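Protein chains: 2
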Amino acid sequence: MVQANAARTSRQEQVELRRAELLEAAKQVVLERGLSHTRVADVAAATRVSGGLIHYHFATKDVLLTEMLRTEAERDIAKARRLATGTGTALQRLDRVMREFVPSSRNDQTWVLWIDAWGAGLRDETLRTISEELDAAWNEMLFVVISDGVAAGDFVTDNPRAVADRISALLDGLGLRVTLQRPGINRKQMHEHARVVAELELGLTAGSLASAST
Amino acid sequence: MVQANAARTSRQEQVELRRAELLEAAKQVVLERGLSHTRVADVAAATRVSGGLIHYHFATKDVLLTEMLRTEAERDIAKARRLATGTGTALQRLDRVMREFVPSSRNDQTWVLWIDAWGAGLRDETLRTISEELDAAWNEMLFVVISDGVAAGDFVTDNPRAVADRISALLDGLGLRVTLQRPGINRKQMHEHARVVAELELGLTAGSLASAST
DNA sequence: GCCCACTGACTGAATATTCAGTGAAGATGT
DNA sequence: ACATCTTCACTGAATATTCAGTCAGTGGGC
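These protein sequences, in sequence, are chains A and B.
Position one of the first sequence corresponds to residue 1 (the numbering used here), numbered consecutively onward.
Position one of the second sequence corresponds to residue 215 (the numbering used here), numbered consecutively onward.
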């Protein structure tokens, strides 16, 4: 009985691993080809697996892609939670959060994925909800950090919620530009812009965030 | 000879009208179905025309959609220019510009189109350039209005370019949220957020932009 | 011996693109 | 003014291709 259970578990684990592998492959393909041009055969090829297997694990292509996005969103949300509850002063945590938003390269995986998802979310309720939850998580994280700062007397604002909303919208707009490689903006300038706005909004003296680096 | 020319012009005009009609139909279909799910047959049906005709006027579907976006971008850019060179104080013009950015409804045509185009631009150089030019036009317009305000002594900032960059990124982030119907944000709040940031950035007293309405 | 993850060939539908043909509007010649 | 010729916007059916999804079969591990 115990062994039977152990064996069954092991098999379940194998399936879980395979599913995770397929989701990861799907993500890679989507990053290269985009959500709408991703083919089931691409995911199969990337995993060196037959086309049929994809449908063995995921009923339809839509399910595969939706689950992939859900998985990614959950991963990102967990990361957000970790940052919000991290150590350090509110100033340091705010700086950390803002840095985390900056695309790590012109084709930062996360950003490419979510810009694609925004478009798909225009017509797909499920996708809209997924990206909305991710959005809400980051927003909430900014709100928590800002509120902490206000409570500690480090920040001054009468509406932390509104400030969080504005900073996260600004970061989305900036991240979009960096990811789309708009001329005249890069990662460094994005961080600088975020810093300036945060200082203005939170009654900080210019440069105080710049020196907050952990 | 003169008559011959007149006749020929008339034919050319017919073709221009038909092309414009097809581009408009393509836009409507894209708004409903999205860039990637738009079929040539949809555009044909919307125009009550045979599928063949689409390809008579546009070599491929890609050409059709790209030209449609180019046309829309040009229209928007022209509108931006008109606003920037309009009458009134810098304060009034800035307010007008910011209002123009706010989606007119949760499915504002312009916003839906460009959010879709951002995603497509991730992998299509041509589309990226088109949306980039539109972006640059609005950015430039903000810059001009802000610079005017600084010259007139109405605004205070040592870097009008950076302020324009930040405000336009903020507006993109907010417009995205409104268009995706994120909870906790609507058109009114978007305008309010933009107002607050502009006042902070330009050394205005709170509320001065609110009373700038033309 | 049975379960079940997996294969790979197959089907059928969706859909972009092509093309031969049509008719009306305009050009040309008388 | 008339007849004839030419052009060309347009049709609709044929074609070609691309793919998501299916299914009968296989083999390794419990």
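Just so it is clear, CB atoms sit at the ideal spot from N, CA and C, and this is done for glycine as well.
All values derive from a computational prediction rather than experimental measurement.
CA-to-CA distance, residue j to residue i, given in whole angstroms
i                 : j                 : result
ARG225 of chain B : ASP322 of chain B : 35 Å
LEU91 of chain A  : GLU192 of chain A : 15 Å
VAL150 of chain A : VAL156 of chain A : 6 Å
SER318 of chain B : ARG401 of chain B : 8 Å
ALA218 of chain B : THR343 of chain B : A caution first: ALA218 of chain B carries a pLDDT of 38, below 50, which makes its placement in the model unreliable, though a value can still be read off. Rounded to whole angstroms, ALA218 of chain B to THR343 of chain B spans 40 Å at the Cα level.
ALA259 of chain B : GLN242 of chain B : 12 Å
ASP135 of chain A : ASP172 of chain A : 10 Å
ALA221 of chain B : GLN228 of chain B : Legend: pLDDT at ALA221 of chain B = 36, less than 50; position of this residue unreliable, value from coordinates given subsequently. Taking the straight line from one Cα to the other gives about 11 Å.
MET215 of chain B : THR261 of chain B : Note that MET215 of chain B scores a pLDDT of 34, beneath 50, so its modelled location is shaky; the value from the coordinates is reported in the next line. In a straight line, the C-alpha of MET215 of chain B is about 35 Å away from that of THR261 of chain B.
GLY51 of chain A  : VAL40 of chain A  : 7 Å
ARG166 of chain A : THR324 of chain B : 22 Å
GLU413 of chain B : GLY421 of chain B : 8 Å
ASP338 of chain B : ARG106 of chain A : 15 Å
LEU83 of chain A  : THR280 of chain B : 41 Å
ALA234 of chain B : LEU245 of chain B : 17 Å
ASP148 of chain A : MET98 of chain A  : 16 Å
GLY203 of chain A : ASN159 of chain A : 12 Å
MET68 of chain A  : PHE357 of chain B : 41 Å
THR85 of chain A  : SER131 of chain A : 22 Å
VAL316 of chain B : LEU17 of chain A  : 46 Å
THR274 of chain B : ASP95 of chain A  : 48 Å
LYS378 of chain B : GLU415 of chain B : A small correction: the amino acid at residue 378 of chain B is Ala; Lys does not occupy that position in the sequence shown. Going by the C-alpha atoms only, they are around 10 Å apart.
Partner residues on chain A for residue i, Cβ-Cβ distance less than 7 Å
i                 : result
ARG396 of chain B : GLU132, ASP135
VAL326 of chain B : LEU122
Closer than 7 Å at the beta carbon, the chain B residues around residue i
i                 : result
ASP116 of chain A : GLY333, LEU336
SER36 of chain A  : SER250
Contact set between residue i and chain B, taken where Cβ atoms lie within less than 8 Å
i                 : result
ILE185 of chain A : ASP379
Whole-angstrom C-beta distance between residue j and residue i, which should lie under 8 Å
i                 : j                 : result
ALA194 of chain A : ALA137 of chain A : That belief does not hold up - the Cβ atoms of ALA194 of chain A and ALA137 of chain A are roughly 18 Å apart, past 8 Å.
LEU336 of chain B : VAL112 of chain A : 6 Å
GLY119 of chain A : ASP330 of chain B : 5 Å
VAL257 of chain B : ILE268 of chain B : 6 Å
LEU384 of chain B : VAL411 of chain B : 6 Å
THR419 of chain B : ASP368 of chain B : At roughly 12 Å, the Cβ-Cβ gap does not stay under 8 Å, so THR419 of chain B and ASP368 of chain B are not in contact.
THR285 of chain B : LEU236 of chain B : So it is not a contact: roughly 11 Å between Cβ atoms.
Proximal residues of chain B, C-beta to C-beta of residue i below 9 Å
i                 : result
LEU200 of chain A : VAL411, LEU414, GLU415
HIS193 of chain A : ALA376, ASP379, ARG380, ALA383
Interface partners of residue i on chain A, CB under 8 Å
i                 : result
ARG342 of chain B : LEU180, GLN181
Heavy atom of the ligand MG within 8 Å of residue i beta-carbon
i                 : result
GLU246 of chain B : The ligand content of the structure shown is nil, which means the ligand MG is not present either.
Practice item. Report the residues of the region 368 to 393 of chain B with a CB closer than 8 Å to any CB of chain A, ordered along the chain. Key: ALA376, ASP379, ARG380, SER382, ALA383, LEU384, LEU385, ASP386, GLY387, LEU388, LEU390, ARG391, THR393
**Study point:** Runs of alpha helix (DSSP H) wholly within the region 275 to 319 of chain B (minimum 4 residues, chain order)
**Key:** 275 to 298, 304 to 315
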